[in-house]
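Residue numbers (this note's numbering): 1231 to 1479. We put the beta carbon where it would ideally sit given N, CA and C, even for glycine. These figures come from a predicted structure and were not determined experimentally.
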């Protein structure tokens, strides 16, 4: 079973409080039912990303403010979407977008999408994260690598996205050995193209690899032409019931 890690048998990494990290639904006007579903009591949400227009947009959007407010009033973290452009984005630009997210939508933190993975970019990301944390006392930072980065990144964020991709790759994936030194609530997995009949297998992989925050969907990227995260999976109610209720934080 390629997805098993080197964690000794019996330590199980099994006592997980698994929940969802929603990486970015379509705009509330385009997906009103999906945003409403997220507010249902008992939905095991760790956080939801608000991506207005590849960032906070040019001006406050009342529909996004309302959607974010409903979630925050229900005790769910809302994160602003920031594009790190694999380390090419200027820190000043990231902070400009972050301040607008804070001022307009009162977000609880940020997902740095397209975060680099190499050691060479680590100092720049460290400085960016340090600056982002000055915007609020409890700023939750998720680094959206999409693959296992240099382990030094784990010291600079609350969570790392160590897998983002297709089910065909996920089912044969392996966790980096260094991740066993951290608790499961430090890692996130986003997987698209997961068939309903393989949900239990996908959940087992996440548990064995030690990722407590997940998002699985049957939507696909159609060869990279669409965003598979913009709509909820067709089996949303099913996967919510499998994970259980009362896990929101």
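- prompt: What whole-angstrom Cβ distance do residue 1450 and residue 1423 have, given they're in contact under 8 Å?
  reply: 4 Å
- prompt: Helix, strand or coil: which one does DSSP assign to residue 1357?
  reply: helix
query: Are residue 1342 and residue 1314 closer than 7 Å when you measure CB to CB?
result: yes
message: Quick check on residue 1418: does DSSP put it in helix, strand or coil?
response: strand
task: Tell me, please, whether the stretch 1321–1339 touches the stretch 1268–1286 by the rule of three or more beta-carbon pairs shorter than 8 Å.
output: yes
- request: Might you give, ordered along the chain, the residues of its own chain that have their beta carbon closer than 6 Å to the beta carbon of residue 1378, omitting 5 neighbours on each side?
  value: 1392, 1406
query: Since residue 1293 is in the beta strand (DSSP E), which residue starts that stretch and which ends it?
result: Residue 1293 -> not in any beta strand (DSSP E); alpha helix (DSSP H) instead, spanning 1292–1303.
query: In three-state DSSP terms, what is residue 1461?
result: coil
- prompt: Does the stretch 1340–1356 come close enough to the stretch 1307–1327 that 3 or more CB-CB pairs lie under 8 Å?
  reply: yes
field: Any non-hydrogen atom of the ligand FMN within 6 Å of residue 1386 CB
entry: Among the components of this structure there are no ligands whatsoever, and the ligand FMN is therefore not found.
- prompt: Three or more C-beta pairs closer than 8 Å, one from the stretch 1251–1259 and one from the stretch 1447–1466: is that the case here?
  reply: yes
field: Straight-line Cα distance separating residue 1350 from residue 1271
entry: 43 Å
- prompt: Which two residues bound the contiguous beta strand (DSSP E) that contains residue 1389?
  reply: 1389–1396
task: Would you check if the distance between the CB atom of residue 1251 and the CB atom of residue 1383 is smaller than 7 Å?
output: no
- request: Determine, using beta carbons only, whether residue 1307 and residue 1370 come nearer to each other than 7 Å.
  value: yes
message: Tell me the DSSP secondary structure of residue 1444 in three-state form.
response: strand
- prompt: What's the gap between the Cα of residue 1467 and the Cα of residue 1289?
  reply: 34 Å
message: Whole angstroms are fine: how far does the CA of residue 1400 sit from the CA of residue 1425?
response: 12 Å
field: Where residue 1428 falls: helix, strand or coil (DSSP)
entry: helix
- prompt: Under a Cβ-count criterion, where at least 16 other Cβ atoms within 10 Å of its own Cβ denotes burial, should residue 1291 be classed as buried or exposed?
  reply: buried
message: The alpha helix (DSSP H) that contains residue 1470, what's its start and end?
response: 1466–1473
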